[in-house]
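Below is one structure; the comments refer to it alone.
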Amino acid sequence: MIARRPLLLTPLVTAAAGPAPDGLHARAARKGLTFGAALATRHLDEPDFADAFAAECGLAVGEFEQQWERIEAREGVPNWAAADRLAGFAASRGILLRGHALLWHQRVPPWAREMDAPRFRAAVERRVAEAAGRYAGRMSSWDVVNEAVRPDDGRPDGLRDSVLLRQLGPGWVAEAFRLARAADPRATLVYNEFGIEHATRGDRAKRRHLLRLLEAMRAADAPVGALGVQGHLHAHLPFDAAEWRGFLREVEALGLSVLVSELDVNDRALPAEITPRDAAVADLTRRFLDATLDCRAVRAVITWTLSDRHSWIRRGQEAHHRRADGAVPRPLPLDDQLRRKPMWQAIAAAFDHAPNR
Ligand code: G3I
């Protein structure tokens with residue numbers, strides 16, 4: 082049995098109000114779990130929001146402000162202000178800080194994409210060393226690599242045909258974990274992936290390739306500590322609890338922990354009427370979390386922002402997220418007014434029924 086690294090550091094400072102006794106994090110903590118959500122600095126400017134966030138959450142992760150492109154829009158001129166503000170908020174509320182993501186093909190800055198291979202490698206090494214090094218000791222976990230598997234690209238190893246793969250070669254994922262470990266000896270180092278949760282052909286193929294990648298990294302002693310299952314669920318797609326449990330068992334057998342790292346539910350195929358829509362979102366959340374939390378390797382549940390009013394799905398960045406009827410999506414545990422929705426109740430009940438870690 083491979084020894085697991087502790088997933089989470091202990092938060093150091095407690096000043097302003099933190100997790101409430103009846104909030105989701107308190108429910109999770111009773112089972113040895115953590116509940117958290119993605120956060121952007123502009124959310125903290127909304128007077129009612131910061132306290133609600135800290136009441137429900139024991140962990141905060143940057144929605145996009147810890148990304149390479151965001152921090153280093155101009156080569157060699159990093160701006161850490163937003164990422165530092167998120168870190169300061171977490172410390173002031175006594176909640177854990179998580180990083181997303183050291184390397185993601187979508188967030189490689191345009192200036193780096195133009196480089197030749199040796200300069201690109203040096204830029205990647207500097208990015209990982211600077212970001213992981215800056216928050217070392219404060220970061221509970223880092224997504225070291227985000228979304229590197231894409232079987233549709235047709236490679237036998239299932240790796241995504243991205244700028245990172247083309248410039249660094251297929252060993253880039255393992256190498257990224259080594260660089261991160263050198264810069265931060267304590268954070269749990271996470272491989273984060275989407276599109277693996279449902280009982281569809283595409284998700285099954287991705288799970289197979291992902292398991293092979295994780296196996297290869299363990300065999301090569303790459304310091305990967307956890308799998309981040311993003312959990313961007315779709316209410317219209319099939320979910321098979323037995324199949325999903327089987328997958329998590331295989332991940333656990335590799336000695337890895339698991340985080341649900343970006344949970345939300347896309348409701349675009351559900352009726353517009355709010356009561357049945359919220360009920361269906363809650364039902365899928367409950368089935369997914371019950372199956373997931375059965376696995377003791379699962380250590381945290383993190384939603385992708387906390388309130389419907391901040392959801393990326395609502396911003397409609399991807400056309401296939403928009404509802405044909407124009408109704409406003411409701412993918413998260415709190416509504417626009419920060420009231421608890423049926424999805425909140427589903428998460429709370431799943432924590433209450435989860436086995437102890
Ligand atoms: O805040 C600026 C605004 O000032 C500016 O005028 C505008 C113009 O581009 O951009 C605004 O920032 C955008 C930000 O979302 C807030 O809307 C960024 O451009 C945009 O890139 C950013 O998108 C984020 C996206 O990842 C890319 O980083 C989403 O918020 C974020 O929810 C989404 O999250 C991803 C995870 O990282 C990985 N898994 C999937 C998930 C959903 O796509």
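The working numbering runs 81 ahead of the 1-based position in the sequence shown. Think of the CB as a built atom: it goes at the ideal place given N, C-alpha and C, for glycine as much as any other residue.
Who are D238's beta bridge partners in DSSP?
According to DSSP, which records beta bridges pairwise, D238 is partnered with nothing at all.
Opening and closing residue of the beta strand (DSSP E) in which L270 lies
According to the DSSP assignment, L270 belongs to the beta strand (DSSP E) that extends over 269-274.
Which residues share a DSSP beta bridge with F116?
Answer by DSSP bridge pairing, in chain order: V382.
If you draw a straight line from the alpha carbon of M220 to that of A172, how long is it in whole angstroms?
C-alpha of M220 to C-alpha of A172: approximately 10 Å in a straight line.
For A135 versus R174, is the C-beta spacing smaller than 8 Å?
Yes, the Cβ-Cβ distance between A135 and R174 is below 8 Å.
My parser needs the alpha helix (DSSP H) runs of 4 or more residues fully inside the segment 312-395; what are they?
Counting whole runs of 4 or more residues, the segment 312-395 contains the alpha helix (DSSP H) stretches 322-334, 355-374.
Under a three-way DSSP split, which group does L245 fall into?
L245: helix per DSSP, three-state reduction.
V158: buried (16+ other C-beta within 10 angstroms of its C-beta) or exposed?
exposed
Ends of the beta strand (DSSP E) at L177?
For L177, the uninterrupted beta strand (DSSP E) run begins and ends at 177-185, by DSSP.
Have a look at H124 and A168 and give me their C-alpha separation to the nearest angstrom.
14 Å
When burial is assigned at 16 or more other CB atoms within 10 Å of the CB, is P100 buried or exposed?
buried
Would you check if the distance between the CB atom of V332 and the CB atom of V341 is smaller than 8 Å?
no
In this structure, how does DSSP classify D433 when only helix, strand and coil are distinguished?
helix
Can you give the Cα-Cα distance for G306 and M298, rounded to whole angstroms?
10 Å
Quick one: Cα of L419 to Cα of D132, how far?
L419 and D132 have their C-alpha atoms spaced approximately 11 Å apart.
If you follow the alpha helix (DSSP H) that D165 is in, where does it begin and where does it stop?
That run of the alpha helix (DSSP H) goes 162-174.
Three-state class that DSSP yields for A307 in the structure shown:
Correct three-state label for A307: strand.
Put D406 into one of helix, strand or coil per three-state DSSP.
coil
N-terminal and C-terminal residue of the alpha helix (DSSP H) that D79 is part of
What the structure shows of the chain is the stretch from 82 to 438, and residue 79 is not part of that stretch, so it cannot be assessed.
CA nearest to the CA of T115, picked from R200, I383, A361:
I383
Can you tell me whether A107 is helix, strand or coil according to DSSP?
helix
Kindly identify the DSSP beta-bridge partner or partners of G143.
L120
Can you tell me which of the three DSSP states M125 falls into?
Inspection of the sequence shows that residue 125 is occupied by Leu rather than by Met. DSSP places L125 in helix when its eight states are reduced to three.
8 Å Cβ shell around A182 - same chain, five flanking residues per side excluded
Its chain contains Q147, Q148, R188, W223, D224, V225, V226, N227, N273 as the residues whose beta carbon lies nearer than 8 Å to that of A182, once the 5 sequence neighbours on both sides are disregarded; these appear in chain order.
Looking at ligand 1, does it come within less than 7 Å of N437, judged from the CB to the closest heavy atom?
no
From the DSSP output, in three-state form, read off L292 for me.
helix
Ligand 1 and W149: does any heavy atom of the ligand fall closer than 7 Å to the residue's C-beta?
no
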